[in-house]
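Report on the following structure.
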Amino acid sequence: MIYFDNAATTPLSPTIIDQIKNVNEQFFANNSSMHCAGKKSAEALKDARDKVADVFGFNSNNLYFTSGATESINIVIKGFANQMQMTKDGRNQIIISSVEHPAVYNAAYSLQRSGFEIIEIEPGKDGIINKLELTDLINSKTCMVCLMHVNNETGAINDVNKLAEIVKCKNNNILFLSDSVQSIGKIPYRFNFDLIDSIIMSGHKFYAPKGIGALYLNPKFRIQPIVHGGGQEFTFRSGTVNVPGAILLSKALVECYNNINSNYRKTLELKEFVLSELSKLGVDYIETISRENTSPYILSLALCGFRSDLIINKLSEKGICVSSKSACSSLTHTKSRILESMNVPLDIIDNVLRISFSPYNNKEEAKELCYQINTIIQ
Ligand code: PLP
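Residue numbers for the sequence shown follow the working numbering, so the first one is 834 and each next one is one higher.
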């Protein structure tokens, strides 16, 4: 099997596979239990929290483990909106980009029922948010701005420090959240935590197991918990903590950041290799957005005249995995909201393939992908 759908989820890294049994055997106990086994888990959880915080340079008290990115995003967006209403703050406007992942997009829109107004900002054809447009949208009613770092369908990278700076210059009390799921562990970028109030990570996007994620939140912003229970994770996220998951997430994250530059170069080479190989074979394709300012981990292209569902199925018969849009959005069977809002022509949208790389892929696999694409369209 050849796997080029790493934006949907990644395989476990070999190091994580090696450690998964031992970590689950050693740290199965509930970290809230008073006994020695519980204390051992609590210490390991603290160590995992410290390791993650060290990677980014924020205080580990401001990191909360969750089950993944969707949960983290809902905790922050809804939790902050609830706080706004509880304190009768009066601000009720939330700005999001039109290309956010459904976790942000739908969480924000769910708040319309409670009186919040959602303002969408559309990126340009290059997937980049225009700073002047953002400045114009912010007003005295704005309480939260959610702009993603790397888009999961196109790979477009926004300079979120700069976007956050614009927001903070207008009003320092606006919460700036960046969905950083497709960038963490992949893009060498220093988030500026004087400007960015919340980032989101999901273990299964960087070679850790599924079912574990984390969020950072600037302690200046209070949120109301959306899940009530035993008050774990400093009341932010009730429910028994997945301690083995948190340990493995921290290990996978550290491994990614130790190799971030070489992995970046490797995936960039693979992306460029696929494009040059397709050209060599004479395959007629269009890159959905210009390559500048995109992640090397994601390649979005349309095969002229060929629907992506047909190509995906034919490649799958050959044991090659690629996708069209995000795995969550494929369940809806509609055109990609993200590509539509970037004004990609409708006839091209149906032909768009998303090929997403990992440093565990190699050129032989990329060559086979291109060869099979060419065979299918002949
Ligand atoms: N945000 C982005 C940009 C994503 O790509 C994904 C997953 O595809 C998510 C959020 C949701 O992540 P999770 O599967 O951990 O809930």
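Heads up, the beta-carbon is just placed ideally off N, CA and C, and yes, glycines get one too.
Small disclaimer: the values here were computed from a predicted structure and weren't measured.
Taking the alpha helix (DSSP H) that residue i belongs to, which residues open and close that run?
i: Glu966; result: Lys964 to Leu970
i: Ser1095; result: Ile1093 to Lys1113
i: Gln916; result: Ala902 to Met919
i: Tyr1204; result: Lys1196 to Ile1210
i: Leu1242; result: Given that the chain is displayed from residue 834 to residue 1211, the structure contains no residue 1242 and the question cannot be resolved.
i: Asp1142; result: Ser1141 to Glu1150
Which class does residue i belong to by DSSP, given the choice of helix, strand or coil?
i: Val1185; result: strand
i: Val983; result: strand
i: Glu953; result: strand
i: Gly1063; result: coil
i: Phe889; result: helix
i: Ser930; result: strand
i: Ser1071; result: coil
i: Ser1169; result: coil
i: Ala1274; result: No information on residue 1274 is available, as it lies outside the stretch 834 to 1211 that the chain covers here.
i: Tyr938; result: helix
i: Asp959; result: coil
i: Asp1027; result: coil
i: Ser1156; result: strand
i: Tyr1090; result: helix
i: Ile835; result: strand
Buried or exposed: which applies to residue i, given that a residue is buried once 16 or more other Cβ atoms fall within 10 Å of its Cβ?
i: Asn985; result: buried
i: Lys1084; result: buried
i: Gln945; result: exposed
i: Arg1098; result: exposed
i: Phe1216; result: The first residue shown for the chain is 834 and the last is 1211, placing residue 1216 beyond what the model contains.
i: Thr987; result: buried
i: Met867; result: exposed
i: Met919; result: exposed
i: Leu1179; result: exposed
i: His982; result: buried
i: Thr1167; result: exposed
i: Gln1211; result: exposed
i: Cys1002; result: exposed
i: Asp1012; result: buried
i: Arg1023; result: exposed
i: Arg1055; result: exposed
i: Ile850; result: exposed
Need the endpoints of the beta strand (DSSP E) that residue i sits in, please.
i: Val978; result: Thr975 to Cys979
i: Ile1032; result: Ser1031 to Ser1035
i: Glu858; result: Per DSSP, Glu858 belongs to no beta strand (DSSP E); it is in the alpha helix (DSSP H), Pro847 to Gln859.
i: Gln898; result: Reading the sequence as shown, one finds Phe at residue 898 and not Gln. Its beta strand (DSSP E) spans residues Leu896 to Thr899.
i: Ala1047; result: Gly1046 to Leu1050
i: Leu1132; result: Ile1131 to Leu1136
i: Tyr1118; result: Tyr1118 to Glu1120
Give me, in chain order, the residues of the same chain whose beta-carbon lies closer than 7 Å to that of residue i; leave out the 5 immediate sequence neighbours on both sides.
i: Gly1064; result: Ser1071
i: Val856; result: Pro1077, Ile1080 and Leu1081
i: Glu966; result: Ile954
i: Val1074; result: Asn864, Leu878, Phe898, Gln1065 and Glu1066
i: Lys1104; result: Pro1129, Leu1132 and Phe1190
i: Glu1088; result: Ser846 and Thr848
i: Ile961; result: Ala989, Asn991 and Asn1126
i: Tyr998; result: What sits at residue 998 in the sequence shown is Glu, not Tyr. Excluding residues within five positions, the ones whose Cβ falls inside 7 Å are Leu1028.
i: Val1000; result: Ile971, Val978, Ile1007 and Phe1009
For residue i, collect the residues of the same chain with a Cβ closer than 6 Å to its Cβ; drop the 5 residues on either side in sequence, then sort them by chain order.
i: Ile1093; result: Pro1021
i: His1037; result: Thr842 and Lys1043
i: Arg1124; result: none
i: Asn1017; result: Note that residue 1017 is Ile in the sequence shown here, rather than Asn. Only Met1034 meet the Cβ criterion.
i: Arg1170; result: none
i: Ala881; result: Ala1079, Ile1080 and Ser1083
i: Ala1199; result: Leu1103, Phe1106 and Val1107
Taking 8 Å as the cut-off, is the C-beta of residue i nearer than that to any heavy atom in the ligand NAP?
i: Met981; result: Among the ligands present in this structure, namely the ligand PLP, the ligand NAP is not found.
Leaving out the 5 sequence neighbours to the left and right, which residues in its chain are closer than 8 Å to residue i when beta-carbon positions are compared?
i: Asn925; result: Met917, Gly948, Phe949, Glu950, Lys974 and Cys976
i: Asp825; result: What the structure shows of the chain is the stretch from 834 to 1211, and residue 825 is not part of that stretch, so it cannot be assessed.
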